[in-house]
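Enquirer:
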Amino acid sequence: MMPTIDFADTGRRTTRLGFGCSSIMGSMGRRESLQTLQWAFDAGVRHFDVAPAYGYGEAEGCLGEFLSQHREEVTVTTKFGIAPAKNPGLIGIARNLARPLIKAIPALKAKAQRAASVVAAVPAKRDLSIQKAQASLESSLRNLRVDRIDLFLLHDATAGEVRDSPLLGFLENAKQKGSIGAFGVGTDRGHASAILAESPAYARVVQREWSVFDGVEDIDTFKIHHRSLAGNRRRLERYLASEDIAKRWSAATGTDLRAPGVLGELMMRAALGTNPVGIVLFSSKDNAHIRSNALLAEPSAANAKAMELYRLVQAEADQIPTEFTV
Numbered sequence: 008m009m010p011t012i013d014f015a016d017t018g019r020r021t022t023r024l025g026f027g028c029s030s031i032m033g034s035m036g037r038r039e040s041l042q043t044l045q046w047a048f049d050a051g052v053r054h055f056d057v058a059p060a061y062g063y064g065e066a067e068g069c070l071g072e073f074l075s076q077h078r079e080e081v082t083v084t085t086k087f088g089i090a091p092a093k094n095p096g097l098i099g100i101a102r103n104l105a106r107p108l109i110k111a112i113p114a115l116k117a118k119a120q121r122a123a124s125v126v127a128a129v130p131a132k133r134d135l136s137i138q139k140a141q142a143s144l145e146s147s148l149r150n151l152r153v154d155r156i157d158l159f160l161l162h163d164a165t166a167g168e169v170r171d172s173p174l175l176g177f178l179e180n181a182k183q184k185g186s187i188g189a190f191g192v193g194t195d196r197g198h199a200s201a202i203l204a205e206s207p208a209y210a211r212v213v214q215r216e217w218s219v220f221d222g223v224e225d226i227d228t229f230k231i232h233h234r235s236l237a238g239n240r241r242r243l244e245r246y247l248a249s250e251d252i253a254k255r256w257s258a259a260t261g262t263d264l265r266a267p268g269v270l271g272e273l274m275m276r277a278a279l280g281t282n283p284v285g286i287v288l289f290s291s292k293d294n295a296h297i298r299s300n301a302l303l304a305e306p307s308a309a310n311a312k313a314m315e316l317y318r319l320v321q322a323e324a325d326q327i328p329t330e331f332t333v
């Protein structure tokens, strides 16, 4: 059984690793999406992270179908503030027609992802009124087929948006009524820090990206980290292309950092090691990768190697080129 933690102030426990559902119903159809969710569950994952905008507006509904079989066994995060794409049905048809072409011509995948990011982009001015938040919460409850959402996050929040906002009272009331278990913000590093400084009541839970290039924040809030690999692994791989650096770092960590899979494993273990009472999210469409990631939450001698890798990155971060990140 994967190690569990107290999940913020929800009164529930969940696993230290959570599964990010951003690709559900996006790059996969419904059958593949449900199978992927089941793979994560079978591997021991008991926390799932979704949003109304994921999967062109269809990810919550797909996760809801999955949850109908497992609700009491798992915890769920969803978000509000970014509306799902308009006409998701038409987008779904176009996606299904395009998928075989993208598989046949991999170079089209990046273009499709860029187009999708434009569709899901956060508008410059958005309606974060209590009425919109209430409508989003009710929609998510229906789509997820639940009567309570464990964690409700303001999606891509900025300090300016929550400053003097009436949303705090709405969120506290929803928690008191039992519609949500906890609330917080899911945003980038800079905005998260600003909200913590200016409006900490909104940041009782903070979900943001974290990698070995980031420091460990001493903040009194429940932390959920994601994107621990992404372009950061490629950045380190380029740095370790130097024979001298690779030998020195491999000797320090007691492992061959250029061996397949080793660097990614230690980066994920470092993410877990620096957030021992929080959650680290990952995502994959491959069953073998899901199972191998799930094992990273287990105690292991490799955890010390991961923390040594983290120390090395922090010590030499200024020397590691950044132009290779994406």
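Residue numbers for the sequence shown follow my numbering, beginning at 8 and rising by one.
Note that CB positions come from ideal geometry on N, CA and C, so glycine has one too.
Since this is a predicted model, take the numbers as computed values, not measurements.
1) Using 8 Å as the Cβ pair cut-off and three pairs as the minimum, do the segment 287-303 and the segment 171-189 touch?
2) Just the Cα atoms here: how many angstroms apart are Q138 and S257?
3) Would you grab the beta carbon distance between F55 and G25 for me? Rounded to a whole angstrom, and I think it's under 8 Å.
4) Mind checking which residues open and close the beta strand (DSSP E) that includes Q214?
5) Tell me the rounded alpha-carbon separation between A123 and G18.
6) If contacts are defined as beta-carbon pairs under 8 Å, then L4 and C28 qualify, I think. What distance do you get, rounded to the angstrom?
7) How long is the line joining the alpha carbons of T165 and K254, rounded to whole angstroms?
8) Work out the CA separation of R196 and D13 for me, nearest whole Å.
9) Taking the CB atoms as reference points, tell me whether T85 and S172 lie closer together than 8 Å.
10) What does the alpha-carbon distance come out to for the pair N239 and S218?
11) Leaving out five residues on either side along the sequence, give the residues of the same chain with a beta carbon under 7 Å from the beta carbon of V284.
12) If you draw a straight line from the alpha carbon of L279 to that of Q76, how long is it in whole angstroms?
13) Check each candidate in S249, L144, I156 and name the one with the smallest Cα separation from I327.
14) Give the DSSP-derived three-state secondary structure of S124 in the structure shown.
15) Should Q214 be labelled buried (16 or more other beta-carbon atoms within 10 Å of its own) or exposed?
16) What's the C-alpha gap between I297 and F190?
17) Which runs of the beta strand (DSSP E) at least 3 residues long sit entirely within the segment 33-99? Give them in chain order.
18) Identify whether T22 lies in helix, strand or coil by the three-state DSSP scheme.
19) Taking the alpha carbon of E205 as the reference point, which residue from E168, I231, A311 has its own alpha carbon closest?
20) In the structure shown, what three-state DSSP assignment does T11 receive?
21) Report the residue from R318, A92, F87, S30 whose alpha carbon sits nearest the alpha carbon of G222.
22) Could you tell me the alpha carbon to alpha carbon distance between A237 and N294, rounded to whole angstroms?
23) Rounded to whole angstroms, what is the Cα-Cα separation between D263 and L243?
24) Mind pulling the beta strand (DSSP E) runs of 3 or more residues that sit fully within the segment 223-275?
25) Short of 6 Å in beta carbon distance, which residues of its chain neighbour N310, apart from the five on each side in sequence? Order them along the chain.
26) Hey, which unbroken runs of the alpha helix (DSSP H) at 4 residues or more fall wholly within the segment 168-218?
27) Just tell me which of A210, L174, A266 has its CA closest to the CA of M228.
28) Kindly give me the distance between the Cβ atoms of A50 and F87, rounded to whole angstroms, as I take these residues to be in contact under 8 Å.
29) Could you check whether T43 and M35 sit closer than 8 Å to each other, using their CB atoms as the reference points?
30) When the Cα of V153 is compared with those of L247, W46, R78, Q45, which residue comes out closest?
Expert: Result, derived from the coordinates:
1) no
2) Working through the sequence shown from its first residue, we reach residue 138 at position 131. Working through the sequence shown from its first residue, we reach residue 257 at position 250. Q138 and S257: Cα-Cα distance of roughly 55 Å.
3) Taking the sequence shown and counting its residues from 1, one reaches residue 55 at position 48. Taking the sequence shown and counting its residues from 1, one reaches residue 25 at position 18. Confirmed, about 7 Å.
4) Residue numbering aside, residue 214 sits at position 207 when the sequence shown is read from its first letter. Its beta strand (DSSP E) spans residues 212-216.
5) In the sequence shown, residue 123 corresponds to position 116, counting from 1. In the sequence shown, residue 18 corresponds to position 11, counting from 1. Any reading at A123 must be qualified, since the residue scores a pLDDT of 48, below 50, and its modelled position is unreliable; the value itself is stated next. Distance between the alpha carbons of A123 and G18 is about 36 Å.
6) Since the first residue of the chain shown is 8 and the last is 333, residue 4 is not available in this structure.
7) Numbered from 1 along the sequence shown, position 158 holds the residue referred to as residue 165. Numbered from 1 along the sequence shown, position 247 holds the residue referred to as residue 254. Between T165 and K254, the C-alpha separation is close to 43 Å.
8) Counting from one through the sequence shown, the residue named residue 13 turns up at place 6. Counting from one through the sequence shown, the residue named residue 196 turns up at place 189. The straight-line gap from Cα to Cα measures roughly 24 Å.
9) In the sequence shown, the residue the question calls residue 85 occupies position 78. In the sequence shown, the residue the question calls residue 172 occupies position 165. Not in contact: T85 and S172 (Cβ atoms no closer than 8 Å).
10) Taking the sequence shown and counting its residues from 1, one reaches residue 239 at position 232. Taking the sequence shown and counting its residues from 1, one reaches residue 218 at position 211. If I take the Cα positions, the gap works out to 7 Å.
11) Stepping through the sequence shown from its first residue, residue 284 is reached at position 277. Cβ within range, chain order: I12.
12) The residue given as residue 279 occupies position 272 in the sequence shown. The residue given as residue 76 occupies position 69 in the sequence shown. When rounded, the distance between both Cα atoms is 28 Å.
13) In the sequence shown, residue 327 corresponds to position 320, counting from 1. It is S249 whose Cα lies nearest to the Cα of I327.
14) Numbered from 1 along the sequence shown, position 117 holds the residue referred to as residue 124. Low confidence applies here, because S124 scores a pLDDT of 46, under 50, leaving its location unreliable; read the following figure in that light. Note: S124 maps to helix in three-state DSSP.
15) Position 207 of the sequence shown, counted from the first residue, corresponds to residue 214. Label assigned to Q214: buried.
16) As a position in the sequence shown, residue 297 is number 290, starting the count at 1. As a position in the sequence shown, residue 190 is number 183, starting the count at 1. If I take the Cα positions, the gap works out to 27 Å.
17) 54-56, 82-87
18) Stepping through the sequence shown from its first residue, residue 22 is reached at position 15. T22 falls in the strand class under three-state DSSP.
19) Residue numbering aside, residue 205 sits at position 198 when the sequence shown is read from its first letter. Of the listed residues, the one whose Cα sits closest to E205 is E168.
20) The sequence position of residue 11 within the sequence shown is 4, counting from 1. Strand at T11.
21) Counting from 1 along the sequence shown, the entry for residue 222 is found at position 215. With distances taken between Cα atoms, G222 lies closest to R318.
22) For the purposes of this step, residue 237 is identified with residue 230 of the sequence shown, where counting begins at 1. For the purposes of this step, residue 294 is identified with residue 287 of the sequence shown, where counting begins at 1. Between A237 and N294, the C-alpha separation is close to 19 Å.
23) The residue given as residue 263 occupies position 256 in the sequence shown. The residue given as residue 243 occupies position 236 in the sequence shown. Answer to the nearest angstrom: the Cα atoms are 14 Å apart.
24) 229-233
25) Taking the sequence shown and counting its residues from 1, the one referred to as residue 310 is at position 303. R276, G280, listed in sequence order.
26) 174-184, 196-205
27) Here the question's residue 228 lines up with position 221 in the sequence shown. The residue asked about is misnamed: residue 228 is Thr in this sequence, not Met. For the residues A210, L174, A266, the minimum Cα distance to T228 belongs to A210.
28) Numbered from its first residue, the sequence shown carries residue 50 at position 43. Numbered from its first residue, the sequence shown carries residue 87 at position 80. That pair is no contact at about 29 Å.
29) As a position in the sequence shown, residue 35 is number 28, starting the count at 1. As a position in the sequence shown, residue 43 is number 36, starting the count at 1. Yes, these two residues count as a Cβ contact at 8 Å.
30) The residue you call residue 153 lines up with position 146 of the sequence shown. Of the candidates L247, W46, R78, Q45, the one whose C-alpha sits nearest the C-alpha of V153 is R78.
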